[in-house]
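Colleague:
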Amino acid sequence: MSKTSERIFVKGNEAIARGALAAKCKCFFGYPITPQNDIPEFMSSAIIKAGGDFVQAESEVAAANMLLGAGATGVRAMTSSSSPGIALKQEAISYMAGSEIPAVVVNMTRGGPGLGDIGPSQGDYYQSTRGGGHGDYRHFTLAPGTVQEAYDLTIRAFDIAYEQRTPVLILGDAILGQMKEPIVPWEPENIDDNAGRDWAINGRTDGREKRLIKSLFLEEGALAGQNKKLQAKYDSWKGMTEAEQFETEDADLIICAYGSIGRIAKSAVRKFRKEGKKVGLFRPITLYPFPKKELKALAEQGKRFLTIEHNLGQMIDDVRLAIRTIADSDFYPVYPGNLPTPDELEEPILNCLEGK
Amino acid sequence: MTEMKEKLVFDRPESVIDRPTHYCPGCHHGIAHRLIGELLDEMNLAENTLLVTSIGCSVFLYNYLNVDAVEAPHGRAPAVATGVKRSRPDKFVFTYQGDGDLASIGMAEIMHAANRGEKMCVVFVNNTVYGMTGGQMAPTTMIGQVTTTTPAGRCQTHEGAPIRMTEIIASLGGVAFAARGALNNVANIKKSKKYLKKAFDFQLNNTGFGFVELLSGCPTNWKMTPLQANERIEKEMIPYFPLGIYKDVSEEGGVC
Ligand SMILES: Cc1ncc(C[n+]2csc(CCOP(=O)(O)OP(=O)(O)O)c2C)c(N)n1
Ligand code: SF4
Chain A
264 MSKTSERIFV KGNEAIARGA LAAKCKCFFG YPITPQNDIP EFMSSAIIKA GGDFVQAESE
324 VAAANMLLGA GATGVRAMTS SSSPGIALKQ EAISYMAGSE IPAVVVNMTR GGPGLGDIGP
384 SQGDYYQSTR GGGHGDYRHF TLAPGTVQEA YDLTIRAFDI AYEQRTPVLI LGDAILGQMK
444 EPIVPWEPEN IDDNAGRDWA INGRTDGREK RLIKSLFLEE GALAGQNKKL QAKYDSWKGM
504 TEAEQFETED ADLIICAYGS IGRIAKSAVR KFRKEGKKVG LFRPITLYPF PKKELKALAE
564 QGKRFLTIEH NLGQMIDDVR LAIRTIADSD FYPVYPGNLP TPDELEEPIL NCLEGK
Chain U
10 MTEMKEKLVF DRPESVIDRP THYCPGCHHG IAHRLIGELL DEMNLAENTL LVTSIGCSVF
70 LYNYLNVDAV EAPHGRAPAV ATGVKRSRPD KFVFTYQGDG DLASIGMAEI MHAANRGEKM
130 CVVFVNNTVY GMTGGQMAPT TMIGQVTTTT PAGRCQTHEG APIRMTEIIA SLGGVAFAAR
190 GALNNVANIK KSKKYLKKAF DFQLNNTGFG FVELLSGCPT NWKMTPLQAN ERIEKEMIPY
250 FPLGIYKDVS EEGGVC
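In the order they appear, the protein sequences are chains A and U. Our numbering puts the first residue of the first sequence at 264, with every later residue one more than the last. Our numbering puts the first residue of the second sequence at 10, with every later residue one more than the last.
#1: Taking Cβ positions, are TYR71(U) and THR62(U) nearer each other than 7 Å?
#2: Tell me where the alpha helix (DSSP H) around ASN270(U) begins and ends.
#3: Assuming GLN353(A) and ILE524(A) are in contact, meaning their beta carbons sit under 8 Å apart, how far apart are those beta carbons, in whole angstroms?
#4: Under 8 Å between beta-carbons, which chain U residues line up against MET341(A)? List them in chain order, please.
#5: Could you check whether the Cβ of GLY92(U) sits closer than 7 Å to any Cβ belonging to chain A?
#6: Could you tell me whether any Cβ in chain A is nearer than 7 Å to the Cβ of GLU3(U)?
#7: Which residue marks the beginning of the beta strand (DSSP E) containing LEU60(U), and which one marks its end?
#8: Would you say the beta carbon of SER67(U) is closer than 6 Å to some non-hydrogen atom of ligand 1?
#9: What do you reckon, is the C-beta of ALA90(U) under 6 Å from a heavy atom of ligand 1?
#10: What distance in whole Å lies between the Cβ atoms of ASP399(A) and ILE349(A), which are believed to be in contact at a cut-off of 8 Å?
#11: Give me the Cα-Cα distance between VAL431(A) and PRO235(U), rounded to the nearest whole angstrom.
#12: How about ILE585(A) and LEU558(A): do their beta carbons lie closer than 7 Å?
#13: Distance, Cα to Cα, PRO82(U) vs ALA335(A)?
#14: Starting from ALA55(U), find everything on chain A with Cβ-Cβ shorter than 8 Å and list it in chain order.
#15: Using only CA atoms, which one of LEU48(U), HIS31(U), ARG97(U) and GLY92(U) lies nearest to ALA320(A)?
#16: Using a cut-off of 8 Å between C-beta atoms, extract the partners of ASP77(U) located in chain A.
#17: With 7 Å set as the bound, which would you pick, yes or no: does the beta-carbon of ASP415(A) sit closer than that to a beta-carbon of chain U?
#18: Are the C-beta atoms of ALA283(A) and some chain U residue less than 7 Å apart?
#19: Could you spell out where the alpha helix (DSSP H) holding PHE209(U) opens and where it closes?
#20: Can you list, in chain order, the residues of its chain with a C-beta nearer than 8 Å to that of ASN75(U)? Leave out the 5 residues immediately preceding and following it.
#21: On the criterion of 16 or more Cβ atoms from any shown chain inside 10 Å, does ALA458(A) qualify as buried, or is it exposed?
#22: Verify whether the separation of the beta carbon atoms of ALA313(A) and LEU351(A) is less than 7 Å.
#23: Following a CB-centred definition, is ASN328(A) positioned closer than 6 Å to any heavy atom of ligand 1?
#24: Closer than 9 Å between beta carbons: that is the criterion. Which residues of the segment 94-107 of chain U meet it against chain A?
#25: Output needed in chain order: residues of the segment 62-73 of chain U with a Cβ under 7 Å from some Cβ in chain A.
#26: Listed from N- to C-terminal order along the chain, which residues in the segment 121-132 of chain U have their beta-carbon within a distance smaller than 7 Å of any beta-carbon of chain A?
#27: Quick check on the burial criterion: 16 or more other C-beta atoms within 10 angstroms. Buried or exposed for PHE19(U)?
#28: What do you reckon, is the C-beta of ASN230(U) under 6 Å from a heavy atom of ligand 2?
#29: Alpha carbon to alpha carbon, what distance is there between ALA560(A) and PHE101(U)?
#30: For ASP110(U), collect the residues of the same chain with a Cβ closer than 8 Å to its Cβ; drop the 5 residues on either side in sequence, then sort them by chain order.
#31: Relative to chain U, which residues along the segment 492-506 of chain A have a C-beta separation below 7 Å, given in chain order?
#32: Name, going along the chain, the residues of the segment 537-555 of chain A whose beta-carbon falls closer than 7 Å to a beta-carbon of chain U.
#33: At what residue ranges does the segment 72-106 of chain U contain a whole run of the alpha helix (DSSP H), taking only runs of 4 or more?
#34: Rounded to whole angstroms, how far is the Cβ of ALA112(U) from the Cβ of MET174(U), which I believe are closer than 8 Å?
#35: Check whether chain A comes within 7 Å of GLY43(U), counting only Cβ atoms and requiring the distance to be less than that.
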């Protein structure tokens, strides 16, 4: 059940901030970095008006640790940043994964490595899906491709984070963050604000036993037990994968692409279809867990694959892992530092289709 | 014959859990824990408290105090506590941090939480050394002090001078109370408790940030007996780290 309102015309960054407010996010901790500044700027007034709190932290390290503290109390909280800032947040993300603290982290990526540029890139795929911090952990990673999806997936991110007690990452890029599109905002009803959950620290006011949230497990076997528990949780996410399939049914060639590149590839696919060429698009929406089963099913139908990413080859590993017993995938990199257009993607797609 | 009756004059505070601690003999962490436990009882705070622990010998404080707690990464306790307090402003929030934790890796977090005037308290245990990792140099290590990473003694031109945190914290805008006590003798322990109470009060009346530094002994890493350690605090540490209240806005007027 949900309540929708009038269409509005907003940037992807603002859609994420509005989605968070609709999901009853109560605390936001930010630090400026292009191209995500619209999120903390919007939150600095909107979340206060909504009865929550905003802190501009002294660094991304501090912002992520503030998130850790707020998440531990069971209150819905979020932080956002872009690539170099997300690298700094990895410390707290590992600790949150280890101590099972829910949190929503937004990464509107930019070009790297290092200071790179402030243009779009998908160079943080490995970091986002492999556990960018230390230790054995994973977190949910959602990759919106449109501004409406950015809004919708932010609401979903909060639900997953608090149901699963895990950090959830929203992975966008400079294109999505800066692009304006009309969206229909909606508000989920009956949000469980987690106040009654039996794990959050909220004081022993009811005379209950004390609660402890930690990631240090020193006793013999204790850490192994915690890791087993975490792995079982990650395994249970297998059924929660999501992907968009566009014109895949009768396609000979499937383009695998996510986020903004998925969106651009879709335009190229449309053009080829008009010319009667059998190309389809497979766009993972959950990057972790990766929609392996869905992709493998396509490989079983004898399709060929071309993975296109705005990096030098990262998601291609997951594509190959999914289809490895049956097929392989070609790869076309869009170099970070370049802004891709549907036209740029046509030649590599055509080459692949013609088996060149 | 008059009958002799036992009178209990000293007992375990209820907020302190009845279990043996892991600290070395003569370590002052236990005394600091006890002072906090006594205050939580006396001020009736235990049920309303959210504790943020840090890294170092004291990380297990959460096993000894009967309060809800969350563990922070090394040095980040003031940021974690900021998140805890901002999300639950009605709760009593405090961190407990060593000198390596607070004055080295966590220098940015402590400075900014204090400067923002977060309504929380920080208990800062200064034993001039990294205890847990085996006695390396801390930012508070004294000139000439031998540690495992200053085998010839800390040298000012090479390692810089020991940092006086309370003085620095007291200079920041959001701070309501900053004081330095010591745990080497009964008189200093009693004074330290008064400082802690004041810092706690400032949070309860929502005035600002409260900071209490406690000069403490680490006989193990100082390679001293507990009594020698107490003497070292008196003779070497207190002259460099003078005790007392450095900021008290109830005397100067409020912060914000
Ligand atoms: C990021 C990180 N770096 C280093 C460590 C290792 N470490 C654990 S405790 C500690 C020193 C703690 O010293 P202090 O804060 O003075 O506390 P004490 O043990 O003396 O009570 C260090 C460096 C760590 N846990 N995390
Ligand atoms: S190493 Fe030092 S600080 Fe740590 S428990 Fe032993 S005496 Fe205390």
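Think of the CB as a built atom: it goes at the ideal place given N, C-alpha and C, for glycine as much as any other residue.
Modeller: In short, the structure shows the following:
#1: As a working note, residue 71(U) is residue 62 in the second sequence. As a working note, residue 62(U) is residue 53 in the second sequence. Contact flag set, yes.
#2: The requested residue 270(U) does not occur in the structure, where chain U is confined to residues 10 to 265.
#3: Here residue 353(A) is taken as the residue at index 90 of the first sequence, counted from 1. Here residue 524(A) is taken as the residue at index 261 of the first sequence, counted from 1. Actually they do not touch by this definition, with Cβ atoms about 24 Å apart.
#4: Here residue 341(A) is taken as the residue at index 78 of the first sequence, counted from 1. Under the 8 Å cutoff, chain U gives no residues; its nearest Cβ is about 11 Å from MET341(A).
#5: Within the second sequence, residue 92(U) is the residue found at index 83, counting from 1. At least one chain A Cβ lies under 7 Å of GLY92(U).
#6: The first residue shown for chain U is 10 and the last is 265, placing residue 3(U) beyond what the model contains.
#7: Position 51 of the second sequence, counting from 1, holds the residue named residue 60(U). Start and end: 58-62.
#8: For the purposes of this step, residue 67(U) is identified with residue 58 of the second sequence, where counting begins at 1. Result yes, Cβ under 6 Å from ligand 1.
#9: Start at 1 with the first residue of the second sequence, and residue 90(U) comes out as number 81. It does not: the Cβ of ALA90(U) is nowhere closer than 6 Å to a heavy atom of ligand 1.
#10: Position 86 of the first sequence, counting from 1, holds the residue named residue 349(A). Position 136 of the first sequence, counting from 1, holds the residue named residue 399(A). Not quite, the Cβ-Cβ distance comes to about 20 Å (not below 8 Å), so this is no contact.
#11: Position 168 of the first sequence, counted from the first residue, corresponds to residue 431(A). Position 226 of the second sequence, counted from the first residue, corresponds to residue 235(U). Answer to the nearest angstrom: the Cα atoms are 49 Å apart.
#12: Taking the first sequence and counting its residues from 1, one reaches residue 585(A) at position 322. Taking the first sequence and counting its residues from 1, one reaches residue 558(A) at position 295. For clarity, residue 585(A) is Ala in the given sequence; the question names Ile instead. Yes. Within cutoff.
#13: Sequence index remark: in the second sequence, residue 82(U) carries index 73 (1-based). Sequence index remark: in the first sequence, residue 335(A) carries index 72 (1-based). The alpha-carbon atoms of PRO82(U) and ALA335(A) are separated by roughly 13 Å.
#14: Taking the first residue of the second sequence as 1, we reach residue 55(U) at position 46. ARG467, listed in chain order.
#15: One-based indexing of the first sequence puts residue 320(A) at position 57. Comparing Cα-Cα distances from ALA320(A) to each of LEU48(U), HIS31(U), ARG97(U) and GLY92(U), the minimum goes to GLY92(U).
#16: If you number the second sequence from 1, residue 77(U) lands on position 68. Result: ILE464, ASN465, GLY466, ARG467, LYS473, ARG474 and LEU475.
#17: Looking up residue 415(A) in the first sequence gives position 152. Not one chain U Cβ lies under 7 Å of ASP415(A).
#18: Residue numbering aside, residue 283(A) sits at position 20 when the first sequence is read from its first letter. So no, ALA283(A) is outside the interface.
#19: What you label residue 209(U) is simply residue 200 of the second sequence in a count that begins at 1. Here the alpha helix (DSSP H) through PHE209(U) covers 195-213.
#20: The residue you call residue 75(U) lines up with position 66 of the second sequence. Result list for ASN75(U): GLU23, SER24, VAL25, ILE26 and ALA55, in chain order.
#21: Numbered from its first residue, the first sequence carries residue 458(A) at position 195. Because ALA458(A) sits at a pLDDT of 47, beneath the cut-off of 50, its placement in the model cannot be relied upon, and the following sentence gives the value as read from the coordinates. Its Cβ having fewer than 16 others within 10 Å, ALA458(A) is exposed.
#22: As a first step, residue 313(A) must be located in the first sequence, where it is residue number 50. As a first step, residue 351(A) must be located in the first sequence, where it is residue number 88. No. Outside cutoff.
#23: The residue you call residue 328(A) lines up with position 65 of the first sequence. No, ligand 1 has no heavy atom inside 6 Å of this Cβ.
#24: LYS94, ARG95, SER96, ARG97, PRO98, ASP99, LYS100, PHE101 and VAL102
#25: VAL68 and TYR71
#26: HIS121
#27: Working through the second sequence from its first residue, we reach residue 19(U) at position 10. Classification for PHE19(U): exposed.
#28: On the second sequence, position 221 is the one that residue 230(U) refers to. Indeed, a heavy atom of ligand 2 lies less than 6 Å from the Cβ.
#29: Working through the second sequence from its first residue, we reach residue 101(U) at position 92. Working through the first sequence from its first residue, we reach residue 560(A) at position 297. So the alpha carbons of these two residues sit roughly 55 Å apart.
#30: Working through the second sequence from its first residue, we reach residue 110(U) at position 101. SER63, ILE64, GLY65, HIS83, GLY84 and ALA86, listed in sequence order.
#31: none
#32: none
#33: 86-96
#34: On the second sequence, position 103 is the one that residue 112(U) refers to. On the second sequence, position 165 is the one that residue 174(U) refers to. About 5 Å separates the two Cβ atoms, so the contact holds.
#35: Within the second sequence, the letter at position 34 stands for residue 43(U). Residue identity differs from the one stated: residue 43(U) is Arg in this sequence, not Gly. Chain A contact via Cβ: absent.
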